[in-house]
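Enquirer:
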Amino acid sequence: MTEKPASPTVLLNLTVRPEPYPPHIRQRLELDAKDIITRYPHPRSALLPLLHLVQAEDGYVTGTGIDFCAEQLGLTGAEVTAVATFYSMYRRTPTGDYHVGVCTNTLCAVLGGDAIYEALQQHLGIGHGQTTPDGAVTLEHIECNAACDYAPVMMVNWEFFDNQTPESAIEITDALRAGHQVRPSRGAPLCTFRETARILAGFPDERPGVLDGAPGEPTLAGLRIADGAASDPETGFSATDSGDSEGTR
């Protein structure tokens, strides 16, 4: 009888269970999580802000953060991971103080978005999803920043920087790395990536003077149209126009 050859050894790459948060951090996060969960009729509905909460703690969504969210909401780690990996705002690798996203979708690309992204890659010495050695800037190209009227657009921690050029984008990143205050084209003053994540989790921005600045012109233009004080320059209609007016027929 011919002896069968020995079966090859199969090595399984088993994932090591992440370490839990230290007790003092876990206690603080549990209090915040309870605050978030009580806002929703069903606990699992709080998953998105809870992911922002752990991202604010760690700078990205870690295995420990995923386990924490699952425990708080009665979900499996797989369920939480599926959501965390679906939305690009949840980072799965360590992220710098400033997440710089350059729109390279069609309109921005044609108007200079690709050139801006390439200039930043060369200037910072990093590629897509990578972080500068000083931990200040993480660079990404983004499919759309939803601000086509002001292309090419760059976002820093989800705040708009309109009508950019390679030179202006480099100036902004240099200022951020030097610790200087940089003002977005509109919206609140810039804060760090972790501070932004906590705000997105639903906690108030308590920085002094955060509401003192005026909204940007794009925001004011939209408000004027919504209030009926101005009309859309392309259609000539305001938000208060009746749907059965002559212009809509």
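Going by this note's numbering, 162 is the number at position 174 of the sequence shown; the sequence numbering is gapless. All residues carry an ideal CB built from backbone N, CA and C; glycine is no exception. Given the structure is predicted, the values throughout are model-derived calculations rather than measurements.
1. Can you grab the Cα-Cα spacing for the pair E128 / T83, in whole Å?
2. From this set, T184, P172 and L188, which residue's C-alpha is nearest Y138's C-alpha?
3. Is the separation between the beta-carbon of C91 and that of N133 shorter than 7 Å?
4. In the structure shown, what three-state DSSP assignment does L2 receive?
5. Mind pulling the alpha helix (DSSP H) runs of 4 or more residues that sit fully within the segment 42 to 123?
6. For a test of your reading of the model: does the CB of A189 fall under 6 Å from any non-hydrogen atom of the ligand NAP? Yes or no.
7. Anyone know if the C-beta pair for G47 and R182 falls short of 7 Å?
8. Is P37 closer than 7 Å to G216 when the C-beta atoms are compared?
9. Can you name the residues that DSSP bridges to T126?
10. Leaving out five residues on either side along the sequence, give the residues of the same chain with a beta carbon under 6 Å from the beta carbon of A176.
Expert: Based on what the coordinates show:
1. 11 Å
2. P172
3. yes
4. Residue placement at L2 cannot be trusted, given a pLDDT of 43 that sits under 50; what the coordinates show is reported in the next sentence. In this structure, L2 counts as coil in the three-state DSSP scheme.
5. 51 to 61, 65 to 72 and 102 to 112
6. Ligands are entirely absent from the displayed structure, and the ligand NAP is therefore not among its contents.
7. yes
8. no
9. H87 and T119
10. V198
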